[in-house]
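A.B. asks: Residue numbers (our numbering): 13 to 151.
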Ligand SMILES: [Zn+2]
């Protein structure tokens with residue numbers, strides 16, 4: 013009964029959203045106040061990281077940068093998106109895996125994260141970690 017009432021797309025969306033470590037999908041769809049895909053709100057080190065990626069791989073499509081008040085779901089901790097220290101972006105066509113590999117090898121001053129069922133890459137500045145499709149790797 014319930015499955016019949018539930019549109020396939022809606023189910024897929026909530027299924028994916030609940031899998032992600034951060035409230036990524038919800039924040040970009042939910043219109044949380046002041047959310048931005050602007051680069052101007054980023055800290056200088058976050059902008060520098062983006063610059064390193066783009067100088068190597070070409071322009072990326074920003075999905076989301078600053079989200080005032082954003083919290084990491086399930087922990088209540090402040091998200092790096094709240095402080096302009098995180099970027100979600102789409103890699104140029106066909107370059108996602110290459111960029112992720114490069115980040116793992118070279119981005120030592122922050123996080124690299126991808127999500128099951130979602131195509132964007134999350135990077136942030138701070139402590140180093142790698143989490144790919146929901147699986148944490150040794151930093
Ligand atoms: Zn993110």
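C-beta: ideal position from N, C-alpha, C; glycine also.
1. I'd like the list of long-range same chain contacts for residue 49, defined as Cβ closer than 7 Å, with 5 residues on each side in sequence excluded.
2. State buried or exposed for residue 96, treating a residue as buried only when at least 16 other CB atoms are found within 10 Å of its CB.
3. Can residue 143 and residue 57 be called in contact, C-beta distance under 9 Å?
4. For my contact list, residue 132 and residue 102 are in at a C-beta cut-off of 8 Å; report their separation, rounded to the angstrom.
5. Closest to residue 123 by C-alpha separation, out of 113, 137 and 100, would be which residue?
6. Give a single yes or no on whether residue 99 has its beta carbon closer than 8 Å to a heavy atom of ligand 1.
7. What is the residue span of the alpha helix (DSSP H) that residue 50 lies within?
8. How should residue 139 be labelled, buried or exposed, when 16 other C-beta atoms within 10 angstroms of its C-beta is the threshold for buried?
9. Where does residue 63 fall in DSSP's three states?
10. Taking DSSP's pairing of strands, which residues face residue 126 in a bridge?
11. Would you tell me roughly how many angstroms separate the C-alpha atoms of residue 86 and residue 145, rounded to the nearest one?
12. Between which two residues does the beta strand (DSSP E) holding residue 142 run?
13. So the beta strand (DSSP E) residue 99 belongs to, where does it begin and stop?
C.D. replies: So, to answer that:
1. Closer than 7 Å at Cβ, skipping near neighbours: 74, 75, 76 and 77.
2. Buried is the call here.
3. No, Cβ-Cβ distance for residue 143 and residue 57 is not below 9 Å.
4. Right, their Cβ atoms sit about 5 Å apart.
5. Relative to the Cα of residue 123, the nearest Cα in the group 113, 137 and 100 belongs to 137.
6. Between ligand 1 and the CB of residue 99, the shortest heavy atom gap is smaller than 8 Å.
7. Judged by DSSP secondary structure, residue 50 falls outside any alpha helix (DSSP H); it is assigned neither H nor E.
8. Burial is judged here by how many other beta carbons sit within 10 angstroms of a residue's own beta carbon; residue 139 has fewer than 16 and is exposed.
9. Correct three-state label for residue 63: helix.
10. Partner(s): 133.
11. Here the C-alpha atom of residue 86 lies approximately 17 Å from the C-alpha atom of residue 145.
12. Residues 141-144.
13. Unbroken beta strand (DSSP E) run through residue 99: 98-102.
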